Amino acid sequence: MSRSVLITGGNRGIGLAVARAFAAQGDKVAVTYRSGEPPEGLFGVRCDVTDAAAVRAAVEEVRVQQGPVEVLVSNAGITRDQLLVAMADEDFRAVIETNLIGAVNVAKEVTTDMVKARWGRMVFVSSMSGFTGAPGQTNYAASKAALIGFARSLAREVGRRRITVNVVTPGLIETDMVREVTDARRSYVIGQTALGRTGTPEEVAAVVRFLASEEAAYITAGAIPVTGGAGVGQ
Ligand SMILES: NC(=O)c1ccc[n+]([C@@H]2O[C@H](COP(=O)([O-])OP(=O)(O)OC[C@H]3O[C@@H](n4cnc5c(N)ncnc54)[C@H](OP(=O)(O)O)[C@@H]3O)[C@@H](O)[C@H]2O)c1
2 MSRSVLITGG
12 NRGIGLAVAR
22 AFAAQGDKVA
32 VTYRSGEPPE
42 GLFGVRCDVT
52 DAAAVRAAVE
62 EVRVQQGPVE
72 VLVSNAGITR
82 DQLLVAMADE
92 DFRAVIETNL
102 IGAVNVAKEV
112 TTDMVKARWG
122 RMVFVSSMSG
132 FTGAPGQTNY
142 AASKAALIGF
152 ARSLAREVGR
162 RRITVNVVTP
172 GLIETDMVRE
182 VTDARRSYVI
192 GQTALGRTGT
202 PEEVAAVVRF
212 LASEEAAYIT
222 AGAIPVTGGA
232 GVGQ
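Take any residue in the sequence shown, count from 1 to its spot, add 1: that is its number in our numbering.
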């Protein structure tokens with residue numbers, strides 16, 4: 002098994018852990034990065050997911066280098082936390098533009114090849130916040146909730162072609178993204194988990210890898226929590 006895998010935002014955090022997990026099982030892995038250097042040992046394509054033309058070019062580069070994308074992990078995302086009353090319009094838009102429209106741009110570019118191949122796997126990295134909401138995250142939670150509706154609809158469009166489309170909804174995972182979470186917020190979220198701790202990027206990667214496997218062929222339109230038990234029942 003050596004599939005052509007594309008992971009957006011694969012140069013650090015959860016995306017990098019996902020990329021390493023696929024590479025370790027022998028897949029051909031491409032990651033997008035926006036600046037600097039691609040991670041060592043992985044094929045990197047420079048791409049800002051909010052730029053549809055750049056996404057088209059990146060997907061074409063992957064097609065040439067390792068074949069049409071068979072597994073997409075749409076992971077690139079940002080936060081711009083602020084209470085709504087104080088939030089700049091630009092910060093609300095930037096989060097929607099990256100987390101939702103960016104994911105749409107990439108999904109649109111890979112769907113035709115998957116349909117032609119009559120096989121494919123798409124996994125979108127959403128968030129527990131998309132279900133629960135969180136103070137300061139009206140923009141982020143809206144973008145992540147929208148991703149679930151998007152993925153579930155796409156799953157229904159392409160399911161007959163043996164393409165599955167799923168979402169993972171991580172809780173608090175130790176990456177750069179949560180470095181600025183206040184101690185009070187961190188304690189609150191950990192208090193909501195059953196396991197009493199935060200998660201690791203590798204723990205999210207394991208779930209993504211499973212959803213992209215042949216064994217997961219009958220799972221589609223799912224929203225799989227990787228939260229240590231937080232947000233249960235939401
Ligand atoms: N950490 C958590 O607790 C948590 C929980 C739930 C969901 N998530 C989701 O998990 C995903 C990964 O987050 P993370 O924690 O690994 O965060 P991270 O360490 O901040 O990494 C974010 C990644 O997204 C990329 N990215 C951001 N905007 C982009 C754009 N416009 N075009 C292309 N790439 C872009 C970044 O690229 P650059 O390096 O170029 O900036 C980076 O590779 C995100 O969608 C996030 O919302 C995280």
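Just so it is clear, CB atoms sit at the ideal spot from N, CA and C, and this is done for glycine as well.
The structure displayed is predicted, hence computed values, not measured ones.
field: Cβ-heavy atom distance, ARG210 to ligand 1, below 6 Å
entry: no
query: Can you tell me where the beta strand (DSSP E) with THR165 in it begins and where it stops?
result: 164-171
- request: For chain B, find out if any of its Cβ atoms is closer than 7 Å to the Cβ of ARG198; answer yes or no.
  value: Considering every chain present, this structure includes no chain B. It has just one protein chain.
message: Pull the bridge partners of TYR34 from the DSSP assignment, please.
response: ARG47
query: When burial is assigned at 16 or more other CB atoms within 10 Å of the CB, is PRO136 buried or exposed?
result: exposed
message: Bridge partners for ILE8 per DSSP, in chain order?
response: VAL32 and VAL74
query: Based on the DSSP secondary-structure assignment, which residues constitute the bridge partners of GLY200?
result: ILE174
- request: Assuming ASN76 contacts LEU148 (C-beta within less than 8 Å), just tell me the rounded distance between them.
  value: The pair is not a contact, with the Cβ atoms about 11 Å apart (cut-off 8 Å).
- prompt: Measuring CB to CB, does ALA207 end up less than 7 Å from VAL72?
  reply: no
query: With distances taken from CA atoms, which of PRO40, GLY160 and MET88 is nearest ALA218?
result: GLY160
field: Whole beta strand (DSSP E) elements within the stretch 86-147, 3-residue minimum
entry: 121-126
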